[in-house]
Amino acid sequence: MNLFPRLLGDVGGTNARFAWQTSASAPLSHIQVLSCSQYLGIAEAIEAYLTGNGLTSPVAAGIGIANPVTGDQVVMTNHHWSFSIQQLQQQLSLNRLQVINDFTALALSLPCLTPEQKVQIGGKEPIQNAPVALLGAGTGLGVSGLMPLGQHVLPISGEGGHVTLAAQNAKEFAVIERIGQKYGHVSAERVLSGQGLVDLYWALAQNTGLPAQAVQASEITQWALQDKDPLSLACLDMFAGFLGSVAGDLALTLGARGGVYIGGGIVPRLLGWFEHSPFRQRFEAKGRFATYLQDIPVWVIQAHESPALLGAARALDQA
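Mapping to the working numbering: the sequence shown position 87 is 73, numbers consecutive.
This is the structure we're talking about:
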């Protein structure tokens, strides 16, 4: 079946990234980021992308989306878009449409990353043909991984961002309790996300008796890294500690001796500070299995163009 030219997409709760590929050997072109809030639905965003770039109708499309994909109907967790995969395929007149979770797409791209596209945070060399873990904080908390299957790898489709967040000390327990009063269940995503960073800042302010002003996640990181604001720095320290604990749990669960990758929009912006944050210490702080985790390398993905677009292409080829 002819699958070219094709549209590739990486759709998150805030932005939708699209790219175009004319043949199997051709590089991705016309890479563009659109704000999801500007469009009624994914079909409208795709039409705007094609029209704005003067592109013809694609023959096929591969799309990674920040949502569990368990059937024909997709309803986004952190955005209002919803659609039928079958109807979208018909509307775009596609020979094939492959829709998968965005972190499943990102996981499929991991073997394609170059050394320049990732920064190692501790650990040693990865074990070949061992499981690989992936997580990343952005609008939500994505979790995936790769499991070896003979000469191939099998991407994991799950919703690990919604596991229950655990405290490691009294200060973290008090913060989780405070956020729980607001939301009920405190998942890892409730803290390890853009909104989570805001709620973490608010909870820390409440628990320390400091005034909590209305802020955005970008302001918290700026105040911490540029202005050295104590509350903002404490917020980032706790964020990194929680992320380390969750990443260590994931590494143990998958036996990810092939390494752990961190994607998403938040951590890559913290590089320069993140390497010396509480992350690595908390990643390894698993009692009798600390030695097991000490050898596992962690990489922060810092590719300028979304690697998940390449993963969507791989999913389309393998469908």
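Even for Gly, the Cβ is constructed at its ideal location relative to N, Cα and C.
- Inclusion of I282 and G230 in the CB contact set at 8 angstroms is not warranted, their separation being larger than that value.
- In terms of Cα proximity to P197, the closest of L211, P216 and G146 is P216.
- A distance below 6 angstroms between beta-carbons, with the five flanking residues on each side excluded, links I142 to the following residues of its chain, in chain order: S130 and G131.
- According to DSSP, residue pairing for I86 in a beta bridge involves G50.
- Counting the other Cβ atoms within 10 Å of the Cβ of P101 gives fewer than 16, which makes it exposed.
- The alpha helix (DSSP H) runs lying completely inside the segment 135 to 214 and spanning 4 residues or more are 156 to 169, 180 to 194 and 203 to 211, given in chain order.
- The shortest C-alpha to C-alpha distance from F269 to any of L14, Q154, S173 and E145 is the one to Q154.
- Distance from E291 to I17 at the Cβ level is roughly 6 angstroms; contact confirmed, criterion being Cβ atoms closer than 8 angstroms.
- Contact holds between the segment 1 to 9 and the segment 21 to 38, because three or more Cβ pairs, one in each stretch, are under 8 angstroms apart.
- The DSSP-derived three-state label of S70 is strand.
- By the criterion of at least three beta-carbon pairs nearer than 8 angstroms, the segment 59 to 72 is not in contact with the segment 254 to 271.
- In the assembly as shown, K104 is a buried residue. Its beta-carbon has 16 or more other beta-carbons within 10 Å.
- Among the bridge pairs identified by DSSP, I32 is matched with none.
- Counting along the chain, Y247 sits inside the beta strand (DSSP E) bounded by residues V246 to G249.
- Scanning I51, G48, V19 and T56 for the CA closest to the CA of N39 turns up V19.
- Residue burial annotation: L(-7) is buried, with at least 16 other C-beta atoms found within 10 angstroms of its C-beta.
- DSSP places L(-6) in the strand class (E or B) of the three-state scheme.
- Per DSSP, reduced to three states, the secondary structure at L80 is coil, with no helix or strand assignment.
- Distances from the CA of T63 to each of D223, G128 and F159 were compared; the closest alpha carbon is that of G128.
- Burial state of S95 is buried, judged by a 10 Å Cβ sphere holding 16 or more other Cβ atoms.
- Given a length threshold of 3 residues, each whole run of the beta strand (DSSP E) inside the segment 229 to 285 is given here in chain order: 246 to 249.
- Between Y247 and V118 a beta carbon distance of about 7 angstroms is seen, short of the 8 angstroms cut, so the two are scored as contacting.
- Out of L178, T239, L240 and K168, the CA that lies nearest to the CA of C221 is found in L178.
- In the same chain as R300, and ignoring 5 residues on each side of it, the C-beta atoms closer than 6 angstroms to its own belong to L94, in chain order.
- Between Q75 and G48, the gap from beta carbon to beta carbon reaches 8 angstroms or more.
- Beta-bridge pairing by DSSP links L127 to A123.
- The C-beta distance from P264 to A226 rounds to 5 angstroms, short enough to fall under 8 angstroms.
- Less than 8 angstroms separates the beta-carbon of L120 from that of G249.
- In the structure shown, S292 adopts coil according to DSSP, grouped into three states.
- Among the bridge pairs identified by DSSP, N1 is matched with S21.
- Look at Q75 here: in three-state DSSP terms it is helix.
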